[in-house]
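Working notes, beginning with the structure itself.
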Amino acid sequence: MSEHELRVSKIRDGTVIDHVEAGQALNVLAILGIDGSEGFGVSVGMNVPSDRLGRKDIVKVEDRELSQSEVDVLSLIAPEATINIVREFEVVEKNRVTRPDSVTGVLSCPNRNCITNAGEPVQTRFDVVTDGVRCDYCATILRADIAEHIDV
Amino acid sequence: MRQDHLITATQLSRDDIEAVLDRARAVADDPAAYADRHAGRVLALCFFEPSTRTRMSFDSAAKRLGMNTVGMGDVDSSSVSKGESLSDTVRVIEGYADALVLRHPSEGAATLAGERVDVPVVNAGDGAGQHPSQTLLDLHTIREDHGLDDLTIGIMGDLKYGRTVHSLAAALTEFDANQHFISPESLRLPRSVRFDLHETGAQIREHEELEPVLDELDVLYVTRIQKERFPDENEYHRVAGEYRIDAEMLDDAPDDLTVMHPLPRVDEIAPEVDETDHARYFEQAHNGIPVRMALLDTLLENANAAGDEGSEVDR
Chain H
300 MSEHELRVSK IRDGTVIDHV EAGQALNVLA ILGIDGSEGF GVSVGMNVPS
350 DRLGRKDIVK VEDRELSQSE VDVLSLIAPE ATINIVREFE VVEKNRVTRP
400 DSVTGVLSCP NRNCITNAGE PVQTRFDVVT DGVRCDYCAT ILRADIAEHI
450 DV
Chain U
119 MRQDHLITAT QLSRDDIEAV LDRARAVADD PAAYADRHAG RVLALCFFEP
169 STRTRMSFDS AAKRLGMNTV GMGDVDSSSV SKGESLSDTV RVIEGYADAL
219 VLRHPSEGAA TLAGERVDVP VVNAGDGAGQ HPSQTLLDLH TIREDHGLDD
269 LTIGIMGDLK YGRTVHSLAA ALTEFDANQH FISPESLRLP RSVRFDLHET
319 GAQIREHEEL EPVLDELDVL YVTRIQKERF PDENEYHRVA GEYRIDAEML
369 DDAPDDLTVM HPLPRVDEIA PEVDETDHAR YFEQAHNGIP VRMALLDTLL
419 ENANAAGDEG SEVDR
C-alpha cells in the first residue's frame with residue numbers, strides 16, 4: 300500500500316497490529332484492555348483490502364508496546380496477525396503471533412454449569428488445543444466463538 | 119494432574135487402572151487383611167447433591183479399611199446454603215479429614231477442590247462431567263467377565279449428560295476396545311468427550327438404534343435417560359421407550375453378553391432381565407466396595423509417601 304493510500308497516519312512510537320482477521324479489531328482492543336480512557340492514541344482500520352487475507356483489520360496503538368502474554372492471547376482471535384513495534388516512525392521489531400499453551404483469566408467459560416461460573420474465587424484457565432481452547436475445569440471446548448467469551 | 123487425587127478418568131493410564139483393579143481383587147479375596155489398614159483416619163463425604171449408593175459405598179469402603187467418616191448432612195442445612203464458596207468449604211473440611219470424596223452439581227468442581235487442598239480428593243461426580251470411581255468399578259466388572267482387551271462394548275442412553283459414560287469411554291481408550299455409542303440424536307456424546315476419543319485414535323461408532331450392533335457386543339452398558347432433559351414429556355416417553363431393554367430383545371444377543379447399568383434404573387431395563395444370565399448390574403454395584411477400598415488405599419498410600427518424602431511422588 301503506497302503512502303497516498305494510507306487511511307491512517309503513521310505512528311511515532313507504539314504498536315501496529317496488522318493482518319487481524321476482519322471484524323476482530325474491537326476484540327483486539329478488548330483483549331488489550333484499551334477503551335480510550337488510558338489516553339493512548341488509537342487508530343482502527345476495518346475491512347482494509349489485503350493480499351493475504353482478502354480483507355483485514357489493523358489496530359495502531361501509540362505509546363504502548365505489547366507484552367508477550369498480550370500477544371499470546373491475541374493469537375487466539377487473530378492467528379495471522381503481525382505485531383510491529385514502532386519507535387521514531389521506524390518498525391524496529393516485526394513478529395508473527397504464536398499460539399500459547401494456555402490462557403489464564405481472559406476468557407469466560409461458555410458452559411453455564413462450569414464451576415468457574417459459580418461465583419468461586421477462581422480465574423478461568425484454558426488449554427490451547429487444535430482449532431480452539433478448552434476449559435481446564437469442565438473440559439468444554441471453545442472454537443470459532445472464542446471472541447464472544449473474552450472477559451475483560 | 120496430581121496423582122494423589124482422582125478427578126477424571128482421562129488422568130488414568132492403563133497401569134494406574136490395572137494397579138487399582140489388581141488391588142481390588144486382592145481386597146475381595148481377603149478383606150480381613152485390609153480391615154485395620156487405615157485405622158484412625160477420617161474420610162470426609164462431601165455430597166453437595168443427593169446420592170444414595172455412591173455415598174454409602176464410599177462410607178462402607180472407608181469403614182472396611184478401619185476409617186471413620188464424616189459427612190456434611192443435608193446441603194440445605196449446611197453452610198453452603200449460607201453462600202459459602204466450595205473453595206472455602208473444602209479448605210475447612212481438609213482440616214477435619216485425611217481424604218475428601220466430593221460430589222457437586224457443577225462441572226469442574228473436583229478440579230477446583232483438588233487445587234485448594236493437599237489431602238486426596240476423589241471426584242464422585244461433578245455435574246455432567248466425570249465420575250471416575252464409578253468407572254473403576256465398571257472396569258472391574260467388565261474385567262471379571264471378559265477382560266479389558268479385545269472387547270466390544272455398546273454404551274447406550276444419555277451420552278450427553280451421563281458422567282459415568284464420559285469417564286468410562288475415556289478409560290476404555292487405554293485398552294483394545296471397540297466402543298459403540300447408541301443414543302437419540304439429541305443425547306449424543308458431547309464435543310469434549312468426542313475430542314478426547316478422537317485424540318487417542320479410539321475406535322468408536324455412533325448409532326441411533328441398538329439392534330444392528332447387538333449381536334457384536336460383549337458388554338451392553340445402559341444408562342438412564344432423564345425426564346428433565348426433555349422440554350416435552352411426550353417426547354421423553356417416546357425416546358425412553360426406544361432405549362428400553364427387555365428379555366425378548368436379549369434373545370437375539372450373544373449368550374455371554376453382560377448387561378450393566380450404573381443404577382439407579384427407572385424403567386430402561388425391564389425387571390425380567392434381572393433373572394437372565396446377562397444381568398450384572400447388582401454385582402457391578404457391589405463391586406463398588408472392593409474397588410473403592412482399593413482406590414482409597416492407593417490414594418492414602420500415595421499421600422503418605424508424598425508426606426514422608428516431602429514431595430509428590432509418581433504412583
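These protein sequences, in sequence, are chains H and U. Going by my numbering, the first residue of the first sequence is number 300, and it counts up by one from there. Going by my numbering, the first residue of the second sequence is number 119, and it counts up by one from there. Ideal Cβ positions, reconstructed from N, Cα and C, are used throughout, including at glycine. All of these numbers come straight from a predicted model, not from anything done at the bench.
_Integer Cβ distance of H/Ile384 from H/Glu369, believed to fall under 8 Å_ = Not confirmed; about 12 Å, so no contact.
*Check distances from the C-beta atoms of the segment 396-420 of chain H to those of chain U and list, in chain order, the residues that come in under 9 Å.*
Cys408, Asn410, Asn412, Cys413, Ile414, Thr415, Asn416, Ala417, Gly418, Glu419, Pro420
_Distance between U/Val409 and U/His445 (C-alpha atoms, nearest Å)_ = It is not possible to answer for residue 445 of chain U, since the shown part of chain U is limited to 119 through 433.
*asked:* Suppose you measure from the CA of H/Leu325 to the CA of U/Ser224; what does that come to, to the nearest Å?
replied: 32 Å
*With a Cβ-Cβ cutoff of 7 Å, do U/Leu161 and U/Thr187 count as a contact?*
yes
*CB contact below 7 Å: H/Ile445 versus chain U*: no
_Within-7 Å CB hit, U/Glu327 to chain B_ = No chain B is present in this structure, whose protein chains are H and U.
*Extent of the continuous beta strand (DSSP E) run through U/Leu335*: Element bounds for U/Leu335: n/a, residue is neither H nor E.
*Neighbouring residues, chain U, relative to H/Ile330 (Cβ below 7 Å)*: The premise fails here: H/Ile330 is roughly 24 Å from chain U at the closest Cβ pair, so nothing lies under 7 Å.
*Output, in chain order, the set of chain U residues within a Cβ distance shorter than 8 Å of H/Asp426.*
Here the premise fails: no neighbours, minimum Cβ distance about 11 Å.
*Beta-ladder partner(s) of H/Lys359, from DSSP*: H/Val315, H/Ser342
*Quick one: what's got a C-beta closer than 6 Å to H/Val343's C-beta in the same chain, skipping five residues either side?*
Ala324, Val358
*Give the straight-line distance between the Cα atoms of H/Leu399 and U/Leu286, rounded to the nearest whole angstrom.*
It is Pro, not Leu, that sits at residue 399 of chain H in the sequence shown. Distance between the alpha carbons of H/Pro399 and U/Leu286: 31 Å.
*Look up U/Phe299 in the DSSP assignment and give the residues it is bridged to.*
U/Ile273, U/Glu324
*asked:* The beta strand (DSSP E) that contains H/Ser401, what's its start and end?
replied: 401-403
*Taking a Cβ distance cut-off of 8 Å, strictly less, list which residues of the segment 242-260 of chain U are near chain H, in chain order.*
Asp244, Gly245, Ala246, Gly247
*asked:* Quick check on the DSSP output: the alpha helix (DSSP H) that includes U/Val210 runs from which residue to which?
replied: 204-212
*asked:* As a quick exercise: from H/Pro409, H/Pro420, H/Val347, H/Ser336, pick the residue whose alpha carbon is nearest that of H/Cys434.
replied: H/Pro409
*Work out the CA separation of U/Val377 and U/Val391 for me, nearest whole Å.*
9 Å
*So H/Gly313 packs on H/Asp362, CB below 8 Å; how close in whole Å?*
5 Å
*Could you work out which residues of chain U lie near H/Ile316, taking near to mean beta carbons separated by less than 9 Å?*
Within chain U, no residue comes near H/Ile316; the closest Cβ sits about 30 Å away, beyond 9 Å.
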